[in-house]
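To start, the structure under review is shown below, and the notes come after it.
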Amino acid sequence: MSLGALISGDRPRSRLLAAALIAILIGLALAPFLFPGTRSVDTAARVCVFIVLVASYDLMLGYGGIVSFAHTMFFGMGAYGVALASVHLGRGFDALALGSLAGALAAALLAALIGLFSLRVRAIFFAMITLAVASAVAVLVSQLSALTGGEDGLSYRIPRALTAAAKYADGKVLGVRINGKLVNYYLVFTVSLILFMVLLRIVNSPFGRVLQAIRENDFRAEAIGYRVVAYRTAATCLSAVAAALAGATYAIWLRYVGPATTLNFEIMVDILLMVVIGGMGTMYGAVIGATLFVVAQNYLQTLLAAAGAALAPVPALPLLFNPDRWLLWLGVLFVLSVYFFPTGIVGRLRQRQ
Amino acid sequence: MADPILRLSGVSTDIAQYHILHGLDLEVPEGGVTMLLGRNGVGKTTTLRTVMGLWRARAGTITFEGRDITALPTPDIARAGIAYVPEDMGIFTDLTVEENMTLAAVSGPVDPDRLDWIFATFPPLRTFWRSAAGNLSGGQKQMLAIARAMAEERRLYLIDEPTKGLAPAIIATMAAALRALKAQGASILLVEQNFAVASMLGDSAAVMDDGRVVWAGAMAELAADSALQERLMGLSVERA
Amino acid sequence: MSAAPDHTPTMAARGLGERLAPWLPVLLVPALCLAGWLAIPSGSSWLTLTVSGLAMGMMIFIMASGLTLIFGLMDVINFGHGAFVSVGAFCGISVLLALGGWAGAPSLMLNLLAVLLAVCAAMLATGLMGWVFERVIVRPVYGAHLKQILVTMGGLIITEQLILAIWGPDAIFFSRPETLKGAITFAGAALEKYRLLAVAFGLILFLAMRGVLRTTRIGLIVRAGVENGEMVEALGYRLRRVFIGVFVAGSALAGLGGVMWGLYQEVITAHMGGETLVLVFIVVIIGGLGSVEGCFIGALMVGLMQNYVAFLEPKLALVSNIALMVAVLMWRPQGMVPVVKAK
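Below, the structure is given as structure tokens:
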């Protein structure tokens with residue numbers, strides 16, 4: 000199978016972009032060896048999951064031209080699927096598989112329902128209705144604490160083979176222990192890579208092209224004979240399934256789910272920012288955006304704290320540079336990106352060619 | 000010959016990626032009825048909308064009473080003295096007939112004498128004065144659309160297919176109203192598919208094809224020459 | 000000129016069902032009250048809940064009315080509308096707290112004066128903010144829905160964060176002015192004075208708004224503009240200016256709604272705007288985007304539903320309103336009072 004076929008013929012069309020993508024791929028593939036340490040491997044796993052999450056969101060926003068505020072809900076459905084299955088069926092691979100599938104199925108059904116209800120009237124209803132449904136679900140999850148653990152979330156056990164307790168070789172390879180945690184990372188990496196390539200396949204298929212035609216001019220697409228609502232609903236469902244599977248993967252990695260790691264509106268804002276900064280309407284934008292953002296996020300709050308301390312003598316400013324106010328700066332960055340940088344990093348890189 | 004009240008020179012208009020008008024030249028003489036003729040899709044409606052500024056000319060200039068209005072915002076074009084009756088009539092169906100008329104009189108309440116004249120021309124409007132305009136029949140809506148344009152004195156009327164789909168009796172009412180407007184000294188640019196109506200009302204005519212005016216002259220000349228009609232407008236002209 | 004030819008005008012005869020159809024949505028409010036009465040065992044609880052549901056509905060209507068008109072007039076969907084609610088509440092309540100002496104005095108006059116000043120401050124601040132918001136955030140993305148949603152949502156996030164930076168991260172608890180505290184007892188039910196006042200005030204505001212929309216020229220322009228803005232411009236009106244006016248007025252109303260909401264809850268948080276935005280969206284969707292009447296009916300229904308269900312099964316309050324929205328959309332996909340759009 001040629002490289003072209005693997006990436007579905009969607010070439011980066013920019014040398015710098017190609018180099019960055021290869022660097023990210025290698026970096027993630029070898030993360031446990033290149034950046035040993037719990038925190039950096041955690042970050043790498045988070046990058047993998049968010050690449051899929053952001054790419055699946057871009058399928059809706061960048062390719063389908065519809066805004067959803069329920070993507071974290073779908074993400075959460077996959078994660079809670081794994082968590083609930085592991086809690087109720089006991090630890091085991093069957094629980095993980097069943098939980099992931101159930102979560103993905105539920106996400107697909109809900110996405111189809113929301114899509115059919117809102118998209119058949121107007122595309123903007125979708126944004127409003129997803130916002131309403133997502134907040135209702137978030138409230139429900141935090142209130143049904145008997146089932147979901149409420150705000151505390153759920154901790155559960157995953158198969159021993161995926162935990163640090165399982166040792167697969169004596170000693171270390173390149174200074175890294177070959178244990179279940181490493182296997183778990185590669186599970187996350189592989190699943191994410193496959194999901195990403197499937198998404199790449201989808202957007203470069205005839206289906207993806209119709210979707211883009213609809214984004215450009217839904218009126219005309221309808222006139223040509225495409226059933227706009229059906230296409231958009233299908234895109235929503237595919238996107239929701241991918242998000243749920245990303246959530247399931249993340250849940251397996253974290254061995255914990257809670258509103259803060261999956262359903263929180265702040266994560267929704269993160270996703271929006273990653274899509275816009277990376278570049279809407281290109282799957283590679285998701286890779287660049289998610290990688291940059293997740294890595295930066297780890298250090299941004301430290302940076303803000305430093306800025307706040309440096310500005311301490313000036314009245315009022317420290318309030319704005321308080322580490323708790325990092326969402327403020329993300330918001331500003333987001334608005335400015337949408338205005339001045341609508342094609343994102345990938346768009347800029349491609350322009351230079 | 001006196002200066003035309005409206006002159007379009009070299010006007011080109013695009014709608015999205017489609018070029019609809021290509022260097023259109025058109026003159027509307029003052030005080031008469033000019034018929035804008037041509038097959039469907041040659042750009043007649045686009046011409047009227049471009050004059051009103053509802054679509055913007057990419058090139059060319061539009062002058063009204065000697066003043067360049069090409070780049071003016073739509074409301075300013077209207078206030079310069081141009082009334083526009085679109086093909087879909089643009090009736091506010093949620094408003095009553097009275098409210099539609101109130102809005103049409105931009106500078107204040109409708110003059111009572113003028114209102115009497117409008118009622119005399121279109122009696123149903125008096126009957127349904129306080130009903131929602133959405134409940135009017137098609138012909139009554141068209142009456143309201145013309146009446147709205149008549150609510151205040153305007154120098155030029157742009158009217159898009161006022162007789163489309165109407166019964167002959169109502170067409171006669173429309174024709175009478177337009178003649179009355181002309182008698183008051185107004186100029187009218189009328190898009191019309193019904194050739195009988197066109198030849199009855201028109202003083203001059205301009206025939207369009209593919210975004211340009213391909214023939215302009217006296218309406219009587221065109222009406223008398225069926226070979227010319229055939230050549231300019233093909234068989235799609237309705238003959239009443 | 001020739002006389003008009005014979006023409007006997009007739010209105011198309013309409014059947015009873017067709018005549019009744021426009022009134023069906025109005026009847027849904029008493030129908031919901033009745034359903035609540037059947038579901039709630041105690042009559043006095045029902046009355047208390049109905050009053051607080053109506054009060055809540057009135058407040059949501061005040062917040063939502065601007066949003067629905069802004070959309071109807073210019074096809075602008077403002078996700079930042081919630082920001083005005085929060086800012087209004089914080090400005091208004093700050094003024095009220097500063098006037099603690101007046102608000103705490105057992106004098107109706109002084110209390111009302113304090114509330115009035117608070118409301119004025121809130122509406123002034125949010126009106127001004129609306130003007131800036133329209134210029135800076137909305138105007139550049141005019142006509143592009145996708146960017147509009149993203150950018151106005153960004154505006155909401157920024158505003159929430161600024162409130163947190165200015166007023167601090169904690170919720171502000173306070174109590175209502177003296178004479179607005181307490182309840183009166185009617186038919187065995189305790190009815191809070193403030194809620195009754197909110198119902199009366201909301202009703203007056205709705206009627207006033209309706210009056211402006213029905214009788215003034217500017218109201219006619221707005222109503223006509225919702226249906227066919229192009230034609231309004233072709234008649235000679237600068238719809239842009241009217242739109243800016245509506246945007247500012249709508250923002251100020253959202254600010255007013257924020258103060259009233261704050262007084263109702265006796266606590267304000269930076270996120271209250273975002274939270275109420277969810278209800279506001281449900282209301283404008285079920286009401287029919289662009290329709291003030293639909294918005295009013297929708298708001299009352301959402302308020303009643305929220306209170307009845309919160310009494311019966313607290314966890315399902317918000318979900319019940321989603322269900323209400325789904326039900327309405329199944330019945331009328333364009334909302335209860337669909338707005339005629341020329342385009």
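Chains as they are written, first to last, in numbering that gives the first Met the number 0: chain A, 0 to 352; chain B, 0 to 239; chain C, 0 to 342.
Cβ atoms here follow ideal geometry from the backbone N, Cα and C, with glycine treated the same way.
Does DSSP classify residue i as helix, strand or coil?
i: C:Phe185; result: strand
i: B:Leu165; result: coil
i: C:Ala104; result: coil
i: B:Trp116; result: helix
i: B:Trp128; result: coil
i: B:Ser203; result: strand
i: B:Asp208; result: strand
i: B:Thr95; result: strand
i: A:Ser154; result: strand
i: C:Asn306; result: helix
i: A:Leu262; result: coil
i: B:Ala56; result: strand
i: C:Glu191; result: strand
i: A:Tyr56; result: helix
i: A:Tyr62; result: helix
i: B:Asn193; result: strand
If you follow the alpha helix (DSSP H) that residue i is part of, which residue opens it and which one closes it?
i: A:Leu20; result: Arg14 to Ala28
i: B:Val10; result: Looking at the DSSP string, B:Val10 is not in any alpha helix (DSSP H); the run it does join, the beta strand (DSSP E), is Leu5 to Ile14.
i: C:Ile69; result: Gly42 to Met73
i: C:Lys340; result: Premise fails: C:Lys340 is in no alpha helix (DSSP H) and is neither H nor E.
i: C:Asn227; result: Arg216 to Leu234
i: A:Arg349; result: Gly343 to Arg351
i: A:Tyr225; result: Run containing A:Tyr225: none; DSSP gives neither H nor E here.
i: C:Gln147; result: His144 to Trp166
i: A:Ser354; result: Any answer about residue 354 of chain A is impossible in this case: the structure gives chain A only from 0 up to 352.
Does the beta carbon of residue i come closer than 8 Å to any beta carbon on chain A?
i: C:Phe280; result: yes
i: C:Pro139; result: yes
i: C:Gln305; result: no
i: C:Val327; result: no
i: C:Cys146; result: The amino acid occupying residue 146 of chain C in the given sequence is Lys; Cys does not appear at that position. Judged by the 8 Å Cβ criterion, C:Lys146 is in contact with chain A.
Considering just the uninterrupted stretch of the beta strand (DSSP E) at residue i, what are its terminal residues?
i: A:Asn178; result: Val175 to Asn178
i: B:Val32; result: Val32 to Leu36
i: A:Gly170; result: Lys166 to Val172
i: B:Glu26; result: Tyr17 to Val27
i: B:Gly216; result: Arg211 to Ala217
i: B:Ser186; result: Ser186 to Val190
i: B:Ile158; result: Leu155 to Asp159
Of all the CB atoms in chain C, is at least one closer than 8 Å to the CB of residue i?
i: B:Gln16; result: no
i: A:Ser134; result: yes
i: B:Ala215; result: no
i: A:Asp151; result: no
i: B:Phe267; result: This structure cannot settle anything about residue 267 of chain B, because the visible part of chain B is limited to 0 through 239.
i: B:Asp40; result: Looking at the sequence provided, one finds Gly at residue 40 of chain B rather than Asp. Answer no: the Cβ-Cβ gap between B:Gly40 and chain C never drops below 8 Å.
When the cut-off is 8 Å and only beta carbons count, does residue i lie next to chain B?
i: C:Ile235; result: This sequence places Gly at residue 235 of chain C; Ile is not what is there. Yes, its Cβ sits closer than 8 Å to a Cβ of chain B.
i: C:Leu315; result: no
i: C:Ile217; result: no
i: C:Met73; result: no
i: C:Ile136; result: no
i: C:Met230; result: yes
What whole-angstrom Cβ distance do residue i and residue j have, given they're in contact under 8 Å?
i: B:Leu102; j: C:Leu234; result: 6 Å
i: C:Gly273; j: C:Gly81; result: 5 Å
i: A:Ile287; j: A:Gly277; result: 4 Å
i: C:Gly254; j: C:Gly79; result: At roughly 13 Å, the Cβ-Cβ gap does not stay under 8 Å, so C:Gly254 and C:Gly79 are not in contact.
Does the beta carbon of residue i fall short of 7 Å from some heavy atom of the ligand SAH?
i: A:Met127; result: By its list of ligands, the structure shown contains no ligand whatsoever, and the ligand SAH lies outside what it can speak to.
Checklist line | Complete alpha helix (DSSP H) runs within the stretch 59-86 of chain B (minimum length 4 residues, chain order) | finding: The stretch 59-86 of chain B contains these whole alpha helix (DSSP H) runs: 73-78.
Notebook entry, point to check: Which full runs of the alpha helix (DSSP H) of 4+ residues lie inside the stretch 88-151 of chain A, going along the chain?
Noted result: Segments of the alpha helix (DSSP H) lying fully in the stretch 88-151 of chain A: 92-118, 122-142 and 144-147.
Item checked: Contiguous beta strand (DSSP E) assignments of at least 3 residues, all confined to the stretch 75-134 of chain C -> Listed in chain order, there is nothing to give.
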